[in-house]
Amino acid sequence: MPFTKHTLLAIAATLISLSATLALPAAVPATANTLQARGVTPNTQSCTATDHVFWASYSTDIGVNYNGGSGCNAVFDALNSRTAITNWQCVDDGAGGTQLWFNAPVGHGGEINDGLLSTYPWVGGQFNCPDS
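Everything in the sequence shown is counted per my numbering, starting at 34 for the first residue and increasing by one.
In structure tokens form, the structure reads like this:
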């Protein structure tokens, strides 16, 4: 059954009213900025992976200065010499550290950790990227 013009106008008015009611405040509290710039403690790291059966998607936040990406090629080469790396991204983590995103075959967490440690030997402890 098609809607009448009157029904459509009533629905539109209701949606506009709801959007005004649910809108965000004009000023976002200052605490919101700290959520964007969490990062990890300097010279530490955090690594997680999502298993996709044949490959894993890795997210690694490293508390080492991003420095305009000057270390990105070295860490890519270290990883790619140990295992196949695809969908490579190396960016500022929002807090000045280095954020890596990439895919690698499942079961290669040890090779990934070795590659990261060879590039960032001063990072405290061991890298903890899982196999998947």
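Don't be surprised by glycine CBs; every beta carbon is placed ideally from N, CA and C.
A quick note: this is a predicted structure, and the numbers were derived from the prediction, not measured.
Check                                                                                                                                                               : Outcome
Does DSSP put Asp147 in a helix, in a strand, or in coil?                                                                                                           : helix
Which two residues bound the contiguous beta strand (DSSP E) that contains Cys135?                                                                                  : In the sequence under discussion, the amino acid at residue 135 is Phe, which differs from the Cys named in the question. Phe135 -> beta strand (DSSP E) spans 131 to 138.
For Asp126, which residues from the same chain have a beta carbon less than 6 Å from its beta carbon, with the 5 sequence-adjacent residues on both sides left out? : Gly72, Asp94, Gln132
Are the CB atoms of Ala89 and Asn136 nearer to each other than 8 Å?                                                                                                 : yes
Going by C-alpha distance, which of Ser103, His141, Ala82, Ser92 is nearest Asn134?                                                                                 : Strictly speaking, residue 134 in this sequence is Trp, with Asn absent from that position. It is Ser92.
With DSSP as the reference, label Ala128 as helix, strand or coil.                                                                                                  : coil
Can you give me the C-alpha to C-alpha distance between Ser114 and Gly140, rounded to a whole angstrom?                                                             : 16 Å
Considering just the uninterrupted stretch of the beta strand (DSSP E) at Ala89, what are its terminal residues?                                                    : 88 to 95
Name the one or two DSSP bridge partners that Asp15 has.                                                                                                            : Within the shown structure, residues of the chain are numbered from 34 to 165, placing residue 15 beyond reach of any answer.
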